[in-house]
Amino acid sequence: EVQLQESGPGLVKPSQSLSLTCSVTGYSITSNYWGWIRKFPGNKMEWMGYISYSGSTSYNPSLKSRISITRDTSKNQFFLQLNSVTTEDTATYYCARSVKWVWVMDAWGQGASVTVSS
Amino acid sequence: DVLMTQTPVSLPVSLGGQVSISCRSSQSLVHSDGNTYLHWYLQKPGQSPQLLIYRVSNRFSGVPDRFSGSGSGTDFTLKISRVEPEDLGVYYCLQSTHFPPWTFGGGTKLELK
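Structure, rendered in structure tokens:
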């Protein structure tokens, strides 16, 4: 059974970078797609982007200048970096597996709450 | 971006009752491959979202048949019959036809009357 677990700082200062790690067990990240989604206070959900089995990436155009998703296949982990954060980036961040050809996120981590505040 | 509009925002229900949630898209969700990539999730309190329905009407593994999805084009519906306490939470639709980005509906909170 695939399991995903987010980790990283819960508090980030404005203008700094937000960095999160998603550790995956039970499934190789060299298969399918691995992405990040965030939920803002008040229920709004936003798909941020993904990294594919081959290492190619796709990002939400609204974030394209600030976001980077990378991976370490030797550790079966993938990473989110979001630069120049503001208070509007305060959210719960989820990592998830996306299934090729179905194009749906079928397995999610438990989420990491990140607050942007000075 | 494709705008996904969910209604209602809040949905009071009695246990054992039946409810429907609507999801409308700003453009057709029929992909050039002929498939429609519209999916439904439930986020229970304190949990991460869980997949219920994929590609309009396919129940994900372990999802009871009380949940059913239907629709086409721009208009989709999730029906829940015989509502149980574990069905309470926030429901989201997601489109992955038009990409990037994939886009979510605003959510519908199912709560007890």
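Chains as they are written, first to last, in the working numbering: chain A, 3 to 120; chain B, 64 to 176.
For every residue, glycine included, the Cβ atom is placed at its ideal position computed from N, Cα and C.
Start-to-end residues for the beta strand (DSSP E) that takes in residue i
| i | result |
| --- | --- |
| residue 104 of chain B | 101-106 |
| residue 19 of chain A | Element bounds for residue 19 of chain A: n/a, residue is neither H nor E. |
| residue 79 of chain B | Segment: none, residue 79 of chain B is in no beta strand (DSSP E) and carries neither H nor E. |
Proximity of residue i and residue j at Cβ, strictly below 8 Å
| i | j | result |
| --- | --- | --- |
| residue 34 of chain A | residue 102 of chain A | yes |
| residue 111 of chain B | residue 57 of chain A | no |
| residue 167 of chain B | residue 50 of chain A | no |
| residue 176 of chain B | residue 108 of chain B | no |
| residue 100 of chain B | residue 118 of chain B | yes |
| residue 8 of chain A | residue 24 of chain A | yes |
| residue 151 of chain B | residue 115 of chain B | no |
Contact list for residue i against chain B, beta-carbon separation under 9 Å
| i | result |
| --- | --- |
| residue 46 of chain A | 167, 169 and 170 |
| residue 35 of chain A | The contacting residues do not exist; residue 35 of chain A stays about 11 Å from chain B at best. |
Residues sharing a beta bridge with residue i, DSSP
| i | result |
| --- | --- |
| residue 73 of chain A | A/80 |
| residue 122 of chain B | B/116 |
| residue 103 of chain A | Its beta-bridge partners do not exist; DSSP assigns none. |
Cα-Cα separation between residue i and residue j, rounded to whole angstroms
| i | j | result |
| --- | --- | --- |
| residue 130 of chain B | residue 15 of chain A | 43 Å |
| residue 104 of chain A | residue 132 of chain B | 16 Å |
| residue 70 of chain B | residue 86 of chain B | 7 Å |
| residue 72 of chain A | residue 109 of chain A | 19 Å |
| residue 17 of chain A | residue 121 of chain B | 43 Å |
| residue 20 of chain A | residue 30 of chain A | 25 Å |
| residue 98 of chain B | residue 120 of chain A | 46 Å |
Contact list for residue i against chain B, beta-carbon separation under 7 Å
| i | result |
| --- | --- |
| residue 111 of chain A | 111 |
Within chain A, the residues that residue i reaches when beta carbons sit closer than 8 Å
| i | result |
| --- | --- |
| residue 153 of chain B | 45 |
Amino acids of chain A, ordered along the chain, whose beta-carbon sits closer than 7 Å to that of residue i
| i | result |
| --- | --- |
| residue 102 of chain B | 106 |
| residue 159 of chain B | 105 and 106 |
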